[in-house]
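One structure is given below, encoded as structure tokens.
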Amino acid sequence: MPPLAIRAYTASTALGHGLSAQAAALRERRSGLRRNDFAALAADQAPLDCWIGRVDGIENSPLPAALAEWECRNNRLAWLSLNQDGVPAAIAAAVARYGADRIAVIVGTSTSSIGATEAAYARLHGEPPRFPDDLARPTLHTPHSPGAFVAAATGLRGPCVTVATACSSSAKVFAQAARLIAAGLADAALVGGVDTLCGSVLFGFNSLQLVSPDPCRPFDAQRTGLSLGEAGGFALLERCDADAGGLLLRGYGESSDAHHMSTPHPQGLGARLAMADALARAGVDAAAIGYLNLHGTATPANDEVEALAVAALFPPQLHASSTKGWTGHTLGAAGIVESAFALLALDSGELPGTLNSREPDPGNGPQIRFDNARAPIRYAMNNSFGFGGNNCSLVFARA
Amino acid sequence: MNDAARPATALTAAVEGIGYWSRGLPDWNAARAYALGADAADAAPARPSPQLLPANERRRAPETVAVALEVAAAACAAAARDPAALSSVFVSSHGDMAITDYMCATLASDPRAISPTRFHNSVHNAAAGYWTIGVGAMRPATALSALQAGFAQGLIEALAQLAAGEDAVLLAGYDGAGYGPLGAIAPSEGLLGAALVLGRAPRAGAPALHAWLGPAPAAAAAPGRLHARDHGNASAPMLPLFDALAAGDARLALPAGGGRCLWLELTDD
Numbered sequence: 001m002p003p004l005a006i007r008a009y010t011a012s013t014a015l016g017h018g019l020s021a022q023a024a025a026l027r028e029r030r031s032g033l034r035r036n037d038f039a040a041l042a043a044d045q046a047p048l049d050c051w052i053g054r055v056d057g058i059e060n061s062p063l064p065a066a067l068a069e070w071e072c073r074n075n076r077l078a079w080l081s082l083n084q085d086g087v088p089a090a091i092a093a094a095v096a097r098y099g100a101d102r103i104a105v106i107v108g109t110s111t112s113s114i115g116a117t118e119a120a121y122a123r124l125h126g127e128p129p130r131f132p133d134d135l136a137r138p139t140l141h142t143p144h145s146p147g148a149f150v151a152a153a154t155g156l157r158g159p160c161v162t163v164a165t166a167c168s169s170s171a172k173v174f175a176q177a178a179r180l181i182a183a184g185l186a187d188a189a190l191v192g193g194v195d196t197l198c199g200s201v202l203f204g205f206n207s208l209q210l211v212s213p214d215p216c217r218p219f220d221a222q223r224t225g226l227s228l229g230e231a232g233g234f235a236l237l238e239r240c241d242a243d244a245g246g247l248l249l250r251g252y253g254e255s256s257d258a259h260h261m262s263t264p265h266p267q268g269l270g271a272r273l274a275m276a277d278a279l280a281r282a283g284v285d286a287a288a289i290g291y292l293n294l295h296g297t298a299t300p301a302n303d304e305v306e307a308l309a310v311a312a313l314f315p316p317q318l319h320a321s322s323t324k325g326w327t328g329h330t331l332g333a334a335g336i337v338e339s340a341f342a343l344l345a346l347d348s349g350e351l352p353g354t355l356n357s358r359e360p361d362p363g364n365g366p367q368i369r370f371d372n373a374r375a376p377i378r379y380a381m382n383n384s385f386g387f388g389g390n391n392c393s394l395v396f397a398r399a
Numbered sequence: 400m401n402d403a404a405r406p407a408t409a410l411t412a413a414v415e416g417i418g419y420w421s422r423g424l425p426d427w428n429a430a431r432a433y434a435l436g437a438d439a440a441d442a443a444p445a446r447p448s449p450q451l452l453p454a455n456e457r458r459r460a461p462e463t464v465a466v467a468l469e470v471a472a473a474a475c476a477a478a479a480r481d482p483a484a485l486s487s488v489f490v491s492s493h494g495d496m497a498i499t500d501y502m503c504a505t506l507a508s509d510p511r512a513i514s515p516t517r518f519h520n521s522v523h524n525a526a527a528g529y530w531t532i533g534v535g536a537m538r539p540a541t542a543l544s545a546l547q548a549g550f551a552q553g554l555i556e557a558l559a560q561l562a563a564g565e566d567a568v569l570l571a572g573y574d575g576a577g578y579g580p581l582g583a584i585a586p587s588e589g590l591l592g593a594a595l596v597l598g599r600a601p602r603a604g605a606p607a608l609h610a611w612l613g614p615a616p617a618a619a620a621a622p623g624r625l626h627a628r629d630h631g632n633a634s635a636p637m638l639p640l641f642d643a644l645a646a647g648d649a650r651l652a653l654p655a656g657g658g659r660c661l662w663l664e665l666t667d668d
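Taken in sequence, the protein lines are chains A and B.
If you're matching positions, the first sequence starts at 1 in my numbering and goes up one per residue.
If you're matching positions, the second sequence starts at 400 in my numbering and goes up one per residue.
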């Protein structure tokens, strides 16, 4: 595929707002996880006993008055994330070059604003029961809430869609942007993702017995499950000359496991297909990848099959790690957040290890590293795998 | 962009197969006949029964998943394409509101009682997931939403995949009825699904579809019979395309968001 230039990128997670907070915490191996203090909406119900990656400051960051109809936790986090690291300036520059109707908006999520729908159900009134007036805003109670909000907040008027393929959502946005631009339907694309903590996520994953009572330990022999987090992030992509400098999207690969809704293919076939396809589309050999950000949720099954797939494709020199011990699993935002981490690694040569993990699982190949490292790299990759066996891998480059 | 003439840059695909399901119109033959003036069938089944799911899952599957799988399979059969070989795009405005209602009501009363099966069926890509599992497709699948612009955005994604080199792509749109207190905020009526298999190469007997983005038309077209019948469903904005497919050569505009439309021209070339 023709490479795309990444004019700006950003992530906001439990580690803080924006890239410098992410980079510092990754370098210093400082986790953003805390004991769960996210209140249950049901009366008299204690929070789940687990650890979460909560973004500080959302409660004190209302949307501007002009966007008040979009007010909810998820759109607040989208807004907060959107206004970091020069993203607004990059959007303005692209609008000046192409016009707002030539810039696509593609946003990934798993839960959209369902936290607002949950809050409405906790405060139903009347007969038949209906939403409280302050939450009777249709724009919130639909899966398209984040995509529509980002378009409204930026004024961009190109093709606008919300992608919801669970935890691969905000990786697939890069693939869709590449296709849209190649097909001539847009000249640039604002891609990203946002997901916030809510009851559906915490108690839903709890019902699947996938939530750890302790901070998650990806690829550790003693791992006991995932820690959930919330996050938002964005990137502005634009067509570029073949010899362009800077950071580039070089390839994408997508696949399906065709196996089960909530457990991965036992041999990791879908994961292998996605990674191999991304490498092929980028025209890059597996040995050239300097850093791979793994999906690495810290559930026993997911890490096992991802380790198998990585060992089958990559030489031992690869530095691969999961950063979920820093941020928790940010679900539909994991793709954009961990793409930002891969881009930071390209930018700085600081390669994150795997926080909290001490005893490597016997199934781990030599690629999976627990310690941080430093090395200049030219190519980085990110894996994002979701429910429904939905996989996406991305290859980024520093020209 | 001027909508008067088809631009040279229009994206093109062959409509190789069509699937359709609505109560009383349980397949594309019935829907096409209805669009052209026939009656709906009184005795048609009240719920689709997609044969690719095992019998117990077929009964338990959410209606939205059942309708999406039914029309997807029918479109592949009509196109004589192996479903496992196609990448797929599934579009729904609201997903399954009965499950969202269940999740939110349970969270408000007894959150630790959430059913794991209902939770994994609550993801927006439930239909896409069951499809790939049911037909054994390891090809890419995606799940999108964009309210009124949803089907046009799904069509854009499918056409972009063809332009990027896919041989054929499956596109399915579906929505169920509103449910519970949420249904009053996100209204939708009935159960509706429609699907297309779109091929990159022209094919004899398959209408050619040309698509480009442009401004909204000055005046809305008179609704066809399929659109008039199911206009209350959240996926109804896709129906003008299916009315046009029934009628043959046509030009229409589907809402694409941002005040713009996806212009579509169907030709029998």
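For each residue, glycine too, the CB sits at the ideal point set by N, CA and C.
Only a predicted model underlies this, so the values are computations on that prediction, with no experimental measurement involved.
List the residues of chain A that E588(B) touches, going by C-beta distances under 8 angstroms, in chain order.
Correct list: empty, because the minimum Cβ distance to chain A is about 16 angstroms.
Against L180(A), what residues of chain B qualify as contacts under a CB-to-CB distance less than 9 angstroms, listed in chain order?
Result: I555, E556, A559.
Using DSSP with H/G/I as helix, E/B as strand and the rest coil, what is D566(B)?
D566(B) falls in the coil class under three-state DSSP.
Is L80(A) closer than 8 angstroms to S110(A) when the C-beta atoms are compared?
No, the pair does not count as a contact, with Cβ atoms beyond the cut-off.
Is DSSP giving I513(B) helix, strand or coil here?
Coil, per DSSP.
Of all Cβ atoms in chain B, is any one closer than 8 angstroms to the Cβ of Q45(A)?
Yes, its Cβ sits closer than 8 angstroms to a Cβ of chain B.
At 7 angstroms on the CB atoms, spell out the chain A contacts of S508(B), in chain order.
The answer, in chain order, is A42.
Could you compute how far the alpha carbon of T299(A) sits from the alpha carbon of G328(A)?
Approximately 12 angstroms, taken between the alpha carbons.
Give the C-beta separation of T117(A) and V55(A) to the nearest angstrom, bearing in mind that I take them to be a contact with Cβ-Cβ under 8 angstroms.
Rounded, the Cβ-Cβ distance is 20 angstroms, inconsistent with contact.
If the cut-off is 9 angstroms on Cβ atoms, which residues from the stretch 463-475 of chain B count as contacting chain A, listed in chain order?
The residues in question: there are none.
Is the separation between the beta-carbon of H17(A) and that of I584(B) shorter than 8 angstroms?
Going by C-beta atoms, H17(A) is not nearer than 8 angstroms to I584(B).
Spatial neighbours of M400(B) within its chain, please: CB distance less than 8 angstroms, with the 5 preceding and 5 following residues excluded, ordered by chain position.
Confidence is the limiting factor: at M400(B) the pLDDT is only 40, short of 50, which leaves the residue's position unreliable, though a coordinate-based value still follows. Excluding residues within five positions, the ones whose Cβ falls inside 8 angstroms are P406, W611, L612, G613, P614.
For a contact defined as C-beta to C-beta under 7 angstroms, what are the partners of E230(A) on chain B?
Near E230(A) there are no residues of chain B at all, since even the closest Cβ is about 17 angstroms away, more than 7 angstroms.
Return the first residue and the last residue of the beta strand (DSSP E) that G386(A) is part of.
Where G386(A) is concerned, the enclosing beta strand (DSSP E) stretches over 379-386.
Is R599(B) close to chain A? Criterion is C-beta to C-beta, closer than 8 angstroms.
Chain A, which has no Cβ nearer than 8 angstroms to the Cβ of R599(B), makes this no.
Residue range of the beta strand (DSSP E) that P654(B) falls in?
Where P654(B) is concerned, the enclosing beta strand (DSSP E) stretches over 649-656.
Using the beta-carbon count (16 or more within 10 Å), is T505(B) buried or exposed?
Its Cβ being crowded by 16 or more others within 10 Å, T505(B) is buried.
Alpha carbon to alpha carbon, how far is E469(B) from A68(A)? Give it in angstroms, no decimals.
Roughly 41 angstroms between the two C-alpha positions.
Using a Cβ cut-off of 8 angstroms, pull out every chain B residue sitting near L269(A), in sequence order please.
Those are M537, listed as they occur along chain B.
Give me the Cα-Cα distance between G193(A) and A235(A), rounded to the nearest whole angstrom.
If I take the Cα positions, the gap works out to 10 angstroms.
Comparing C-alpha positions only, which one of N632(B), A645(B), G535(B), N520(B) sits nearest to M261(A)?
Of the candidates N632(B), A645(B), G535(B), N520(B), the one whose C-alpha sits nearest the C-alpha of M261(A) is N520(B).
Could you tell me the distance, in whole angstroms, from the CA atom of N206(A) to the CA atom of G229(A)?
Taking the straight line from one Cα to the other gives about 14 angstroms.
Should L132(A) be flagged as near chain B, meaning a C-beta pair shorter than 8 angstroms?
Before going on, a small fix: residue 132(A) reads as Pro here, not Leu. Not one chain B Cβ lies under 8 angstroms of P132(A).
How would you list, in chain order, the residues of chain A whose beta-carbon sits under 7 angstroms from the beta-carbon of C503(B)?
Those within 7 angstroms of C503(B) in chain A are T117, E118, Y121.
How would you call R102(A), buried or exposed, if buried means at least 16 neighbouring beta carbons within 10 angstroms?
Classification for R102(A): buried.
Output the distance between the C-alpha atoms of G363(A) and L313(A), rounded to the nearest integer angstrom.
Approximately 15 angstroms between the Cα atoms of the pair.
Would you report the Cα separation of Q84(A) and L318(A), rounded to the nearest angstrom?
The alpha-carbon atoms of Q84(A) and L318(A) are separated by roughly 31 angstroms.
Look at the Cβ atom of T408(B), then the Cβ atom of L608(B), and state whether they are nearer than 8 angstroms.
No, Cβ-Cβ distance for T408(B) and L608(B) is not below 8 angstroms.
What's the C-alpha gap between G604(B) and L197(A)?
Spanning the two alpha carbons is a distance of roughly 51 angstroms.
When you compare each of R97(A), S112(A), S348(A) to P146(A) by their alpha carbons, which one comes out closest?
If we check each option's Cα against that of P146(A), S112(A) comes out closest.
Which residues does DSSP pair with C392(A) in a beta bridge?
C392(A) pairs with E254(A), S384(A).
Given that P444(B) touches chain A, what residues does it touch there, using C-beta distances under 8 angstroms?
Within chain A, no residue comes near P444(B); the closest Cβ sits about 25 angstroms away, beyond 8 angstroms.
Closer than 8 angstroms is the cut-off here; do at least three beta carbon pairs connect the stretch 581-595 of chain B with the stretch 458-475 of chain B?
Short answer: they touch.
Can you check the stretch 71-146 of chain A for any alpha helix (DSSP H) of at least 4 residues that lies completely inside it and give the ranges in chain order?
Runs found: 73-82, 87-98, 114-122.
For the stretch 282-369 of chain A, list the alpha helix (DSSP H) runs that are entirely contained and at least 4 residues long, ordered along the chain.
Correct list: 300-313, 324-327, 334-348.
At a cut of 8 angstroms, does the stretch 450-459 of chain B reach the stretch 562-569 of chain B through at least three beta carbon pairs?
Not touching, per the Cβ criterion.
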